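Chemist: Chains A and B are the protein sequences, given in the same order.
Everything in the first sequence is counted per our numbering, starting at 26 for the first residue and increasing by one.
Everything in the second sequence is counted per our numbering, starting at 7 for the first residue and increasing by one.
Even glycine gets a Cβ: it sits at the ideal position worked out from N, Cα and C.
Fair warning: this is a prediction, and the values are worked out from it, not measured in the lab.
Got a structure for you, written out below as C-alpha cells; questions coming shortly.
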Amino acid sequence: MRRITEVFGGRRNLLFSGLLLALLFILLLDLFFVHHIFSPFVYFYLCFALVIVFYGIYPLYVSRRLTRYYWDRTKRHHLAVIGLVFIIFLVAVAIFGPFLTQDPTKVDFPNKNLPPVGFSAEQSTYDRTTGQFITRETPGTWLHPLGTDDKGRDMLAMLVSGTRISLQVGLMATLIAIFIGLIMGVVSAYLGGWADNALMRFTDIMMTFPFFLLLVFIVFIFGPSLWFIILAIGLTGWTGTARLVRSESLSLRTRDFIMASKSLGASDRRIVFHHLIPNVLSSVIVIATLSIPGVILAEAALSFIGLGDPTVTSWGLVLQAGQRSLETAWWIAVEPGIMLFLTVLAFNFLGDGVRDAFDPRSQV
Amino acid sequence: MERKLLEVDNLKKHYPVTAGLFARHVADVKAVDGVSFFITEGETLGLVGESGCGKSSLGRTLLRLEEPTSGQVFYKGRDITAWNKKQLKELRREAQMIFQDPQSSLDPKATIGDSIGEALLIHGVTSEKERLARVEALLQRVGLEPGHATRYPHELSGGQKQRIGIARALAVNPKLIVADEPVSALDVSVQAQILNLMLDLQGELSLAYLFIAHDLAVIGQVSSRIAVMYLGQIVELADRDGLFQRPLHPYTQALLSAVFLPDPHRKRQHIPLAGEVPSPIAPPSGCRFHTRCPRVMKVCRQETPIFQPIDKDHLVACHLYDGK
C-alpha cells in the first residue's frame with residue numbers, strides 16, 4: 026500500500042485519481058448502459074470541482090499559516106479585496122442565479138423593450154382596432170427589474186445566464202491552459218538540452234498560430250459549441266504559461282534549497298513535485314488570474330460576431346442583439362457591457378493584488 | 007594516526023562554455039583544477055580564497071552534487087566518484103552541506119518541520135509522529151523552540167534560518183559537513199553565535215567540517231588546518247598556527263596582511279595585490295598567481311610549481327621554496 030501511495034506522490038493524489046476514475050466509470054456506465062441520466066457536462070463539472078477541491082481548497086486549508094500570510098499581503102490592496110468580493114458574488118450568481126430567475130429564453134412580444142426599473146422609454150405599438158401606431162411612455166416594472174429585450178426576454182435572467190457562461194469559459198479554459206503550460210514548462214526546464222529546444226520551438230509555433238482563425242475554423246467544421254470554444258482557447262492559450270514556468274523553474278533549480286534537497290538524497294521526482302511545482306505555482310496563479318478576463322472577453326467577442334454558441338445566452342450574444350436597437354432600447358447593450366466591464370476589472374484588480382502578494386522579490 | 011574520513015585526489019571540475027546554434031564546445035571554465043587534500047575524522051579543514059576561486063564548486067563537486075570532470079574522491083577509503091544513485095543515497099546520510107544564504111536555502115513554501123523532516127522522510131522515517139519528535143529534538147539542539155516546526159521561513163530571522171539549515175544537515179546524523187560560507191550572510195554578532203553552535207556540535211557529535219569562507223579571521227577561529235585556494239588550485243595547506251605565523255606563499259601573505267586582528271602590538275604591513283583575478287577560462291601559464299605576485303621570478307611564468315611539503319604538514323606550491 027505504501028508503495029502505491031509513493032508512486033502517486035502521496036495520499037492526496039491517490040484519492041484524487043481514485044475519484045477521477047470512479048467518475049469516468051460512472052460516465053461510461055451512463056453513456057452505454059443507463060443512457061444519459063446526466064448530461065456529459067455534469068461529469069465535466071464534477072471533474073472540475075474535484076480539481077478545485079483537491080488542488081485549490083485542500084492545500085489552502087492544510088497550510089493555513091501560509092494562506093493567512095498571503096491573504097494578509099493581498100488584503101493590503103483594497104481594490105483586490107473589492108475585486109474578490111465581486112468575483113465571489115459572480116460565482117454565487119452563476120451557481121444559484123439560474124434557479125431563481127425566469128427562463129432567459131422565454132419570448133414575450135407584448136412586453137418587449139421594457140426599460141429597467143426607474144427608467145421609462147417611448148414605445149410605439151400597433152393598435153389593431155384603429156390600425157395606427159400609438160407612441161406611449163412605458164415605465165419599467167419590477168416584474169423585469171432590468172427590463173426586457175426586443176423579444177420580450179427578461180434581461181436579468183439573460184445576464185445571470187451570461188454570468189454562468191462567462192465564468193465557465195474563463196475558468197475552465199484557463200485551467201486547461203495553465204495545466205498544459207505547467208507541464209510543458211516544467212518538463213522543458215527539467216529535461217533541458219534538445220528536448221527543451223524542441224518543446225520551446227513548438228511553443229513558439231503555437232504562439233504565432235492565429236488563435237482567432239483557429240476558432241473560426243473549428244466553428245466552421247464542428248459547428249458553434251461552447252465546449253469547442255473552451256477547448257480551443259485552452260489548447261492555444263498555454264504558451265505564455267509554459268514560457269513563464271520554464272524560466273521560473275530554471276531559476277529555481279539553481280536556488281540553494283533545491284541543492285539542499287538534492288544533498289539530502291531527494292529523488293528528481295520529489296524535487297519536482299515537492300519543491301519546484303509549489304514554488305512555480307504562485308506565478309502560475311497570478312498569470313491565471315490575469316488571463317481569465319482575456320478569455321471572457323474573447324468569448325464575448327466571438328459571440329458578438331456570431332461565432333459563439335447560439336444555444337447559450339452569453340453576454341456577447343445579448344450585446345450583439347442590443348446593438349441593433351441602441352437608439353430605442355439602450356439598456357439591452359449597456360447592461361451586458363457593464364457586466365463585462367466590471368468582471369474584467371474585478372479579475373484584473375485581484376490579479377494585481379495577488380501578484381504583489383506572491384512576488385518573490387518583495388518577500389523579506 | 008587519525009583516520010582519513012575524506013580524501014580528494016587531483017579533483018577537477020570544468021564547466022563547458024558553448025557557443026553558436028549547435029552548442030559548440032569552445033572552452034572550459036576551470037573552476038576546480040587539480041585539487042588534492044584530505045580531512046580526518048572530527049577535524050575542521052578551512053578552505054579560504056577570493057570569490058570566484060572555485061571553493062564553492064569544490065565543495066559541491068566532492069559531495070557529487072555536481073559531477074566531477076576528473077579525479078577521485080575517497081570517502082572512508084571508498085571511491086565515491088564512481089558510485090551510482092543508490093550508493094550515493096548512502097553517502098547523503100554521511101555527508102551533508104550547510105549553505106551560505108539562509109534566505110534561499112529553505113523552501114519558502116514549506117514549513118520548517120517539513121524542510122527538516124524531508125531528510126528523515128527520504129531516509130526511511132515514514133511515521134509522521136516519529137518525524138515530528140525528531141524534528142523538535144533537532145530544533146532544540148540548535149537552540150530553537152519546538153514550536154518553530156510549524157513556521158515558514160519568512161517568519162524567521164537570518165540567524166534562525168541558518169540554525170535550521172544546520173538542523174537539517176544534522177537530521178541524518180552525518181560525519182562530514184561541508185559548510186559553504188555559513189556565516190558570510192549574517193551579522194557579526196550572529197556570526198559568533200552560529201560559529202559557537204557549530205563548534206559545540208562538532209565536539210558533541212565528532213563531526214568533520216570542510217569550512218569554506220573568504221574571511222581568514224572566521225576560518226582561523228574554527229579550523230585546525232587551513233587550505234588556501236587560488237584560481238581553482240590549492241596554493242598552500244598548513245595547520246592553523248603554522249599558516250598564521252609563517253605563511254609561505256605570497257598570496258597567503260597578502261591575504262593575512264589584510265586580516266584585521268585586534269592586537270595593538272602587531273605591526274601591520276599591508277601587501278597590496280595588483281590587478282584582478284585572471285579568468286579561469288584561460289588561466290595564466292606557469293604559476294597562476296604570477297600576474298599579481300609581488301615576488302614574481304622568471305621561472306614563475308613558465309613552470310608550474312609543484313605542491314610540495316616544506317615542513318611536516320605544511321605544503322606550498324611556490325617556486326620561492328624550490329630546492330629548500
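In angstroms with no decimal places, state the Cα-to-Cα distance between A/ARG37 and B/GLN199.
Modeler: Straight-line Cα distance between these residues: approximately 41 Å.
Chemist: In chain B, which residues lie less than 7 Å from A/PHE282 when you measure between Cβ atoms?
Modeler: In chain order: SER110, SER111, LEU112, ASP113.
Chemist: Does the count of Cβ pairs from the segment 254 to 273 of chain A and the segment 198 to 208 of chain A closer than 8 Å reach three?
Modeler: Touching, yes.
Chemist: Could you tell me the boundaries of the beta strand (DSSP E) in which B/ALA37 lies?
Modeler: Looking at the DSSP string, the run of the beta strand (DSSP E) that includes B/ALA37 is 30 to 46.
Chemist: Where does the unbroken alpha helix (DSSP H) through B/ASN16 begin, and where does it stop?
Modeler: Per DSSP, B/ASN16 belongs to no alpha helix (DSSP H); it is in the beta strand (DSSP E), 10 to 25.
Chemist: Give, in chain order, every residue of the segment 303 to 317 of chain A whose Cβ lies closer than 7 Å to some Cβ of chain B.
Modeler: So the close ones are PRO303, ASN304.
Chemist: Go to A/MET180, then tell me how far its alpha helix (DSSP H) extends in each direction, as first and last residue.
Modeler: Note, A/MET180: alpha helix (DSSP H), 180 to 216.
Chemist: Could you pull the start and end residues of the beta strand (DSSP E) that B/ALA264 belongs to?
Modeler: Premise fails: B/ALA264 is in no beta strand (DSSP E) and is neither H nor E.
Chemist: Does DSSP classify A/MET232 as helix, strand or coil?
Modeler: Here A/MET232 sits in helix by DSSP.
Chemist: Answer with buried or exposed for A/VAL132, where buried requires no fewer than 16 other C-beta atoms within 10 angstroms of its C-beta.
Modeler: When all chains shown are included, A/VAL132 counts as exposed.
Chemist: Does B/PHE217 have its Cβ less than 8 Å from a Cβ in chain A?
Modeler: Chain A contact via Cβ: absent.
Chemist: With the cut-off set at 8 Å, would you say B/VAL184 and B/LEU201 are in Cβ contact?
Modeler: No, they are not a contact pair.
Chemist: Excluding sequence positions up to five away, which residues of its chain have a Cβ less than 6 Å from the Cβ of B/HIS20?
Modeler: Around B/HIS20: ASP34, LYS36, THR75.
Chemist: Along the alpha helix (DSSP H) that carries A/PRO84, what are the first and last residues, could you check?
Modeler: 83 to 87 is the span of the alpha helix (DSSP H), which, as asked, contains A/PRO84.
Chemist: Note down, in chain order, every chain B residue with its Cβ under 9 Å from the Cβ of A/LEU46.
Modeler: The premise fails here: A/LEU46 is roughly 26 Å from chain B at the closest Cβ pair, so nothing lies under 9 Å.
Chemist: Alpha carbon to alpha carbon, how far is B/PRO159 from B/LEU150?
Modeler: Each residue's alpha carbon lies about 13 Å from the other.
Chemist: Run through chain B and tell me which residues come within less than 8 Å of A/ALA291, C-beta to C-beta.
Modeler: Neighbours of A/ALA291 on chain B, chain order: GLU124, ILE128.
Chemist: Which bits of chain A does B/ASP331 rub up against, with CB to CB less than 8 Å?
Modeler: Given that chain B is displayed from residue 7 to residue 330, the structure contains no residue 331 of chain B and the question cannot be resolved.
Chemist: Hey, could you find the ends of the beta strand (DSSP E) B/MET103 is sitting in?
Modeler: Run containing B/MET103: 101 to 104, per the beta strand (DSSP E) assignment.
Chemist: Could you tell me which residues DSSP pairs with B/ARG231 in its beta bridges?
Modeler: DSSP lists B/LEU51, B/ASP245 as partners of B/ARG231.
Chemist: Going by C-alpha to C-alpha distance, which of B/GLY123, B/PHE295, B/HIS320, B/ARG231 sits closest to B/GLN239?
Modeler: Here the closest residue by C-alpha is B/PHE295.
Chemist: Between A/LEU91 and chain B, is any beta-carbon pair separated by less than 8 Å?
Modeler: So yes, A/LEU91 belongs to the interface.
Chemist: Would you mind reading off the limits of the alpha helix (DSSP H) that contains A/HIS103?
Modeler: Where A/HIS103 is concerned, the enclosing alpha helix (DSSP H) stretches over 103 to 125.
Chemist: I'd like to know whether the C-beta of B/LEU69 is nearer than 8 Å to at least one C-beta of chain A.
Modeler: Output row for B/LEU69: interface = yes.
Chemist: Please confirm whether B/ILE118 and B/ILE170 have their CB atoms less than 8 Å apart.
Modeler: In this structure, B/ILE170 lies closer than 8 Å to B/ILE118 by Cβ.
Chemist: Quick check: is the beta carbon of B/MET204 nearer than 8 Å to any beta carbon in chain A?
Modeler: Output row for B/MET204: interface = no.
Chemist: My assumption, with CB atoms under 8 Å, is that A/ARG268 sits in contact with A/THR233. Please give the rounded CB distance.
Modeler: No, A/ARG268 and A/THR233 are not in contact; Cβ-Cβ is about 13 Å, not under 8 Å.
Chemist: Which residues, taken in chain order from the segment 145 to 165 of chain B, show a beta carbon closer than 7 Å to some beta carbon of chain A?
Modeler: Cβ contacts with chain A: THR156, TYR158, HIS160.
Chemist: Taking C-alpha atoms, which residue in B/HIS255, B/TYR81, B/TYR236 lies nearest to B/VAL283?
Modeler: That would be B/TYR236, whose Cα lies nearest to the Cα of B/VAL283.
Chemist: Exposed or buried, A/PRO164, counting other C-beta atoms within 10 Å across all chains shown (16 or more means buried)?
Modeler: Classification for A/PRO164: exposed.
Chemist: Relative to the alpha-carbon of A/ILE321, which residue among A/ARG280, A/ARG349, A/SER288, A/ARG189 has its alpha-carbon at the smallest distance?
Modeler: Looking at the Cα atoms, A/ARG189 is the closest of the given residues.
Chemist: In whole angstroms, give me the CA-to-CA distance for A/LEU370 and A/ILE357.
Modeler: Using only the alpha carbons, I get a separation of about 21 Å.
Chemist: Can you tell which of A/PHE245, A/PHE372, A/PRO335, A/SER88 has the C-alpha that lies nearest to the C-alpha of A/PHE114?
Modeler: A/PHE114 has its Cα closest to that of A/PHE372, out of A/PHE245, A/PHE372, A/PRO335, A/SER88.
Chemist: Alpha carbon to alpha carbon, how far is B/ALA219 from B/LYS318? Give it in angstroms, no decimals.
Modeler: Approximately 25 Å, taken between the alpha carbons.
Chemist: Which runs of the alpha helix (DSSP H) spanning at least 4 residues fall entirely within the segment 309 to 370 of chain A, listed in chain order?
Modeler: Counting only runs of 4 or more, we get 340 to 349.
Chemist: Among A/LEU332, A/ALA220, A/SER186, which has the Cα closest to the Cα of A/ALA117?
Modeler: Ranking the options by Cα distance to A/ALA117, first place goes to A/SER186.
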